[in-house]
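All residue numbers for the sequence shown refer to the numbering used here, where the first residue is 921 and numbers rise by one.
Glycine residues also receive a C-beta, built at the ideal position from the N, C-alpha and C atoms.
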Amino acid sequence: MSELLLPEWLSYAPRLGRVGRLLVGFSGGLDSTVLLYLARRWSLQSSVPIVAVHVNHQLSAHAFAWQQHCVDLCEAWGIALHCEAVHVDAHGVGVESAARAARYQVFQRLAKPSDVLLLGHHRDDQVETFFLRLMRGSGVLGLASMDDVSEWQGLCIVRPLLGLSKSVLHEFAKSQQWTWVEDESNQSDRYDRNFLRLEVLPRLAQRWPSSAEAVERSVRHCREAQGLLDELAAMDVETLCQTDGGISVDRLRLLSLSRARNVLRYWLRSFRLSLPSEARLNETLAVMLQSAEDAAPLVLLQDTGLRQSVELRRFDGAIYVVPRMVAAIQPFHLVELKSQMLPAGGRLLVSFYRAGMVPPNRSAVSVRKLAAHKLDIESAAWRIDYRKGGERVKLAGHPTRPLKKILQEHRVPPWWRDRLPLLYKEDVLVAVAGLGVVEGYQMQAGEDGVQIDWEAPELPKQD
921 MSELLLPEWL SYAPRLGRVG RLLVGFSGGL DSTVLLYLAR RWSLQSSVPI VAVHVNHQLS
981 AHAFAWQQHC VDLCEAWGIA LHCEAVHVDA HGVGVESAAR AARYQVFQRL AKPSDVLLLG
1041 HHRDDQVETF FLRLMRGSGV LGLASMDDVS EWQGLCIVRP LLGLSKSVLH EFAKSQQWTW
1101 VEDESNQSDR YDRNFLRLEV LPRLAQRWPS SAEAVERSVR HCREAQGLLD ELAAMDVETL
1161 CQTDGGISVD RLRLLSLSRA RNVLRYWLRS FRLSLPSEAR LNETLAVMLQ SAEDAAPLVL
1221 LQDTGLRQSV ELRRFDGAIY VVPRMVAAIQ PFHLVELKSQ MLPAGGRLLV SFYRAGMVPP
1281 NRSAVSVRKL AAHKLDIESA AWRIDYRKGG ERVKLAGHPT RPLKKILQEH RVPPWWRDRL
1341 PLLYKEDVLV AVAGLGVVEG YQMQAGEDGV QIDWEAPELP KQD
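Written as structure tokens, this is what we have:
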């Protein structure tokens, strides 16, 4: 049988490009044992290193015996093994979801950019996933279930066994006289997936012997339909998206409600976010599109995959997705004036200019004028502070004005105004990052200068 499986397995290689390592999710069960065997065969032929990854959820009294089984098998097969025990926090999400989240966090932490994660899901798992999502009222995206090649948080995931039934895997493993671990929790019907596998799907198969194949066809149809929806959404986003990454509210209002929902789902997925429920999505659209023009609506979305919160904000006629900032806003002393991440969020960008390299730049600090004020650029007296309210600033070439007004005129979004760095040398305000230099410190022709900018925090987007 391995000779039949291997050519199909090798067909994944061109789709994956250059592979650094194969990480194999290895529980020690039947499915992952067959997976590890085939991965080892592929690794020997391709010279791609392989690492088995065993995540010990510590949910069973047998957990460490299962871990030892994995250690013994990997030693016998000459495969590197990484074992890691995790704490499963099931509060508010359930044991199955929490265990999966803990497992994937281990995978993500271990993976390097060119690595590929192999998982042992098979056709029976796909059928269970389809029915679970059907019972939750999922749309075509959810009913498309698992793809054989997918991406999660930048990690490439391959499920090579997805077209094979568990019975086929069992027959092959028995022919090899292997042993594997059996998780006793798989026999408990208190878990939804187990209930489907033990009680529902066998009865469906009795009535409709080809039910699994029928579900496979439905999954393919849903995947094709979702592909078309994504193509439409991509065209809409190209029209709606502004240069700063926001979605135009006025243009979004021109779309039908179903099309606007499709755009919002697609756009949120581009940030690798878990999608909100249908009710939450409708509520979000209503808040963003129907709030008064001078309002500043905010919708908090809890992303279960990232286990963090993100915010949908509306400002200046556009909708933005921004990370929810929880870091304290406190002064920060710079050991050295250089580009660096800031504790309160974002990245300070520092660029040095030599005389004659660029035209005079009023947003660059003059090194000579710092010296004239007895402020040495090399000393460690630089400090980042933040707006507290009531500050008045005279930027180069402008009258003295409230900092609040300056931020408003530069269209700085309200959620970043308290986190925009103010650069001090000792107790002297020298620059407002990204906006300008205080009068008297601006760079002139023939002078060295230092450009101070700030890069706001943002969520990673899919390529």
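Would you kindly work out how many angstroms separate the C-alpha atoms of residue i and residue j, rounded to a whole number?
| i | j | result |
| --- | --- | --- |
| residue 1239 | residue 1208 | 7 Å |
| residue 979 | residue 1375 | 43 Å |
| residue 1043 | residue 1037 | 18 Å |
| residue 1022 | residue 1245 | 23 Å |
| residue 1076 | residue 1034 | 8 Å |
| residue 1306 | residue 1262 | 12 Å |
| residue 1111 | residue 1058 | 19 Å |
| residue 1295 | residue 1348 | Here the model assigns residue 1295 a pLDDT of 46, short of 50, so the residue's position is not dependable, and the following value carries that caveat. Roughly 9 Å separates the two Cα atoms. |
| residue 1231 | residue 993 | 46 Å |
| residue 1335 | residue 1116 | 46 Å |
| residue 1279 | residue 1234 | The pLDDT assigned to residue 1279 is 48, lower than 50, so where the model puts this residue is not dependable; a value taken from the coordinates is nonetheless given after this. In a straight line, the C-alpha of residue 1279 is about 37 Å away from that of residue 1234. |
| residue 981 | residue 1105 | 11 Å |
| residue 983 | residue 970 | 23 Å |
| residue 1048 | residue 1139 | 12 Å |
| residue 1293 | residue 1361 | Per-residue confidence for residue 1293 stands at a pLDDT of 48, beneath the threshold of 50, marking its modelled position as unreliable; no derived number is given. |
| residue 1341 | residue 1371 | 13 Å |
| residue 1137 | residue 1098 | 33 Å |
| residue 1267 | residue 1159 | 30 Å |
| residue 1237 | residue 1330 | 15 Å |
| residue 1318 | residue 1270 | 23 Å |
| residue 1275 | residue 1285 | 12 Å |
| residue 1254 | residue 1324 | 25 Å |
| residue 1248 | residue 1066 | 40 Å |
| residue 939 | residue 1190 | 24 Å |
| residue 1096 | residue 1046 | 25 Å |
| residue 1041 | residue 1218 | 39 Å |
| residue 1344 | residue 1303 | 5 Å |
| residue 1327 | residue 1156 | 31 Å |
| residue 1019 | residue 1011 | 11 Å |
| residue 1352 | residue 1369 | 15 Å |
| residue 1168 | residue 1379 | 19 Å |
| residue 1127 | residue 1103 | 29 Å |
| residue 995 | residue 1024 | 24 Å |
| residue 1384 | residue 1118 | Coverage of the chain is limited to positions 921 through 1383, which leaves residue 1384 absent and any answer about it impossible. |
What residues are listed by DSSP as bridge partners for residue i?
| i | result |
| --- | --- |
| residue 1161 | 1167 |
| residue 1253 | 1303 |
| residue 1238 | 1168 and 1235 |
| residue 1187 | Its beta-bridge partners do not exist; DSSP assigns none. |
| residue 1271 | 1371 |
| residue 939 | In DSSP, residue 939 forms no bridge with anything. |
| residue 945 | 973 |
| residue 1229 | 1222 |
| residue 1261 | 1267 |
| residue 1284 | 1371 |
| residue 1445 | Past the edges of the chain, shown from 921 to 1383, lies residue 1445, and the structure says nothing about it. |
How about residue i and residue j: do their beta carbons lie closer than 8 Å?
| i | j | result |
| --- | --- | --- |
| residue 1243 | residue 1377 | yes |
| residue 1204 | residue 1093 | no |
| residue 956 | residue 946 | yes |
| residue 1216 | residue 1339 | no |
| residue 1313 | residue 1350 | no |
| residue 1175 | residue 1183 | yes |
| residue 1001 | residue 977 | no |
| residue 1146 | residue 1201 | no |
| residue 998 | residue 1100 | no |
| residue 1008 | residue 1026 | no |
| residue 1229 | residue 1221 | yes |
| residue 1355 | residue 1315 | yes |
| residue 1124 | residue 1130 | no |
| residue 1192 | residue 1107 | no |
| residue 1032 | residue 941 | yes |
| residue 951 | residue 1081 | yes |
| residue 943 | residue 1030 | yes |
| residue 1068 | residue 1053 | no |
| residue 1188 | residue 1241 | yes |
| residue 1028 | residue 1003 | no |
| residue 1346 | residue 1301 | yes |
| residue 1120 | residue 1050 | no |
Exercise for the section: Specify whether the stretch 1177-1189 and the stretch 1144-1162 touch according to this definition: at least 3 beta carbon pairs, one from each stretch, less than 8 Å apart. Expected result: yes
Handout entry: alpha helix (DSSP H) runs wholly inside the stretch 1291-1378, at least 4 long, in chain order
Key = 1323-1329 and 1334-1337
Handout entry: Three-pair Cβ contact test at 8 Å for the stretch 1085-1093 versus the stretch 1005-1020
Key = no
Handout entry: the stretch 1095-1113 touching the stretch 1154-1171, judged by at least three CB pairs closer than 8 Å
Key = no
Practice task
Give, in chain order, every unbroken run of the alpha helix (DSSP H) that is at least 4 residues long and sits entirely within the stretch 1027-1100.
Solution key: 1043-1055, 1060-1063 and 1086-1095
Handout entry: Ordered list of beta strand (DSSP E) runs contained in the stretch 1097-1153, each at least 3 residues
Key = none
Exercise for the section: May I have a chain-ordered list of the beta strand (DSSP E) segments no shorter than 3 residues that lie completely inside the stretch 974-1031? Expected result: 1000-1005
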